[in-house]
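Going down the list, the protein sequences come from chains A and B. Numbering follows the numbering used here, in which position 91 of the first sequence is assigned residue number 381; successive positions increment by one, without gaps. Numbering follows the numbering used here, in which position 5 of the second sequence is assigned residue number 58; successive positions increment by one, without gaps.
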Amino acid sequence: MSSRELAQRQGSGPAQLADVLERVLDKGIVIAGDIQINLLDIELLTVRLRLLVASADKAREMGIDWWENDPFLSSGSNGKSKSLDSRLRALEEKAGLPTDDKDDKDDE
Amino acid sequence: MIESPAGTGWYVYGVAEDDPALARLDGVELIRRGTLAAVAREVSLDEYGADVLPERLNDREWLERNARSHEAVLQAAAAVTTVVPLRFGTIYRGRGHVERMLEERNDEFRATLARVRGHVELGVKAWVDLAAVGQTLDPAEQPLEGGAGMAYLQQRSREQDRSREVTARCFELAEEAHGRLAGIAVAAVANRPQPRELTGRSESMVLNGAYLVPDGDEQLRSEVDRLAAEHAGLGVEYELTGPWPPHNFAGEWE
């Protein structure tokens, strides 16, 4: 299929979301406006976007690299680590292993 | 109507040379300074305030709607004059702040506008069906020797070699394609291929290029057709997108 046919095939429909996101979120001139918009806040698409956008590299340069230490890519809510902890604890108890008791996190 | 407590801000989509044709655009306002015009819109900070943005950005529907709207405004502006796209979510608290930004960056904007004037961005993606690429490689299959265990190991080893060869072949194809397209374009960028999670396609993207070409020029399109014809037997498919406003060619000032 020629590119012309391809272009026609998709020309009638809207551009693919991935192409639009890649361009508007990661390209274009970056100017710090009055309102700080931190695109790294986008957790919803974290896994997809971090693979896609160079922002991940930029973020790394800025020292923001939380996803690299987090096997779950912090894509869930903040409560996730807590639930993982409790699941781990339950497993440890089941296996008869000593559990690492830390109550401080329940205070938050 | 009572003003929202959060107030409003000015969302700037892009910057153009101040051109009477821009007045035709719907739904946006022009904020002018010198010979430049910011294509902007007044937005509610209930929607775009710093305190609500993190939540909004994680609302997939909101993000898609606003990212598409950002692109639509730029497309409309690009249809009437040259426009330099700004990154999504560039927001100022007042018109005066936008004017000051235009003034401070006057030289940079004018230099970029001069560079992209009369040009459009085209996107070219190449997709491969990894299994199909594997089949195009040397199919020499030697009979497996030895017992079942040895045969299994040989088989595994062959599969790994094959997988490495397929990857290498894909890199070659992508490099060749990008080189040929970049040779035609005024400027070229090879972006990271989009992952499957984002594309939703079973084929792998091996090239995700953006090319700045003269508006109306068909050379790059023809070259993509040639590549598609040459690589059709290798299980490679090309996809051309655009024309886009020059998102990929707005950033570098050097």
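Glycine included, every Cβ here is placed at the ideal spot set by N, Cα and C. Everything numeric in this text was worked out from a predicted model, so none of it was measured.
Any idea if residue i is buried or exposed, counting beta-carbon neighbours within 10 angstroms, 16 or more meaning buried?
| i | result |
| --- | --- |
| Val289 (chain B) | buried |
| Gly286 (chain B) | exposed |
| Glu225 (chain B) | exposed |
| Gln247 (chain B) | buried |
| Pro73 (chain B) | exposed |
| Asp278 (chain B) | buried |
| Leu251 (chain B) | buried |
| Arg274 (chain B) | buried |
| Gly176 (chain B) | buried |
| Arg209 (chain B) | exposed |
| Ala91 (chain B) | buried |
| Glu174 (chain B) | buried |
| Asp309 (chain A) | buried |
| Arg211 (chain B) | exposed |
| Gly318 (chain A) | buried |
| Ala164 (chain B) | exposed |
| Pro267 (chain B) | exposed |
| Arg86 (chain B) | buried |
| Gln306 (chain A) | buried |
| Ala227 (chain B) | buried |
| Glu292 (chain B) | buried |
| Val156 (chain B) | In the sequence under discussion, the amino acid at residue 156 (chain B) is Glu, which differs from the Val named in the question. So Glu156 (chain B) ends up on the exposed side. |
| Gly149 (chain B) | exposed |
| Ala263 (chain B) | buried |
| Arg118 (chain B) | exposed |
| Gly102 (chain B) | buried |
| Arg222 (chain B) | buried |
| Ala282 (chain B) | exposed |
| Glu114 (chain B) | exposed |
| Glu271 (chain B) | exposed |
| Glu108 (chain B) | exposed |
| Ala322 (chain A) | exposed |
| Ala238 (chain B) | buried |
| Glu95 (chain B) | exposed |
| Ser167 (chain B) | Sequence check: residue 167 (chain B) is Ala here, not Ser. When all chains shown are included, Ala167 (chain B) counts as exposed. |
For residue i, which beta-bridge partners are listed by DSSP?
| i | result |
| --- | --- |
| Glu292 (chain B) | B:Lys178 |
| Thr61 (chain B) | B:Ser97 |
| Gly202 (chain B) | Its beta-bridge partners do not exist; DSSP assigns none. |
| Ile84 (chain B) | B:Ala91 |
| Val137 (chain B) | B:Val68 |
| Asn261 (chain B) | B:Lys178 and B:Asn244 |
| Pro366 (chain B) | Since the first residue of chain B shown is 54 and the last is 307, residue 366 (chain B) is not available in this structure. |
| Trp297 (chain B) | B:Glu174 |
| Ile319 (chain A) | B:Leu139 |
Below 6 angstroms, is the gap between the Cβ of residue i and the nearest heavy atom of the ligand PLP?
| i | result |
| --- | --- |
| Glu292 (chain B) | Inclusion of the ligand PLP in the displayed structure is not the case, the ligand content being empty and no account of it being possible. |
Segment contact, 8 angstroms Cβ cut-off, at least three pairs: the segment 208–219 of chain B with the segment 174–194 of chain B: Taking 8 angstroms as the limit for Cβ pairs, the verdict is that the segment 174–194 of chain B does touch the segment 208–219 of chain B.
Is there contact here, the segment 119–135 of chain B with the segment 203–212 of chain B, by at least three beta-carbon pairs under 8 angstroms? Note that the segment 119–135 of chain B does not touch the segment 203–212 of chain B; fewer than 3 beta-carbon pairs, one per stretch, sit closer than 8 angstroms.
Would you mind listing the beta strand (DSSP E) stretches within the segment 144–189 of chain B that are 3+ residues and don't spill past its ends, in chain order? With a minimum length of 3 residues, the continuous beta strand (DSSP E) runs that stay inside the segment 144–189 of chain B are 172–181.
Within the chosen definition, does the segment 134–143 of chain B reach the segment 60–74 of chain B through at least 3 CB pairs nearer than 8 angstroms? Enough Cβ pairs lie closer than 8 angstroms, so yes.
Selection of the segment 70–96 of chain B by Cβ proximity to chain A, strictly under 8 angstroms: Here the close residues number zero.
Selection of the segment 120–153 of chain B by Cβ proximity to chain A, strictly under 7 angstroms: So the list reads Ala120, Arg121, His123, Glu124, Val137, Pro138, Leu139, Arg140, Phe141, Gly142, Thr143, Ile144, Tyr145, Arg146 and His150, given in the order they occur along the chain.
So does the segment 172–184 of chain B actually touch the segment 250–260 of chain B, counting three or more Cβ pairs closer than 8 angstroms? Judged by Cβ distances under 8 angstroms, the segment 172–184 of chain B makes contact with the segment 250–260 of chain B, as three or more pairs qualify.
Taking Cβ-Cβ distances below 7 angstroms as the criterion, which residues of the segment 162–191 of chain B are in contact with chain A? So the list reads Gly176, given in the order they occur along the chain.
If you pair each beta-carbon of the segment 75–92 of chain B with each one of the segment 131–140 of chain B, do three or more pairs fall below 8 angstroms? The answer is yes - the segment 131–140 of chain B touches the segment 75–92 of chain B, with three or more Cβ pairs under 8 angstroms.
Would you list, in chain order, the members of the segment 261–295 of chain B that have their beta-carbon closer than 7 angstroms to a beta-carbon of chain A? Listed in sequence order: Arg274, Val277, Asp278, Ala281, Tyr291, Glu292, Leu293 and Thr294.
Using a beta-carbon distance cut-off of less than 8 angstroms, what residues from the segment 237–254 of chain B approach chain A? Here the close residues are Asn244, Arg245, Gln247, Pro248, Glu250, Leu251 and Thr252.
With three or more C-beta pairs closer than 8 angstroms as the rule, is the segment 292–305 of chain B touching the segment 312–326 of chain A? Touching, yes.
Whole beta strand (DSSP E) runs in the segment 225–258 of chain B with 3 or more residues, listed along the chain? Every beta strand (DSSP E) of 3 residues or more that sits fully in the segment 225–258 of chain B is shown, in chain order, as 240–244.
Closer than 8 angstroms, Cβ to any Cβ of chain A: which residues of the segment 100–113 of chain B, in chain order? Within the segment 100–113 of chain B, the qualifying residues are Tyr101, Gly102, Ala103, Leu106, Pro107, Leu110, Asn111, Asp112 and Arg113.
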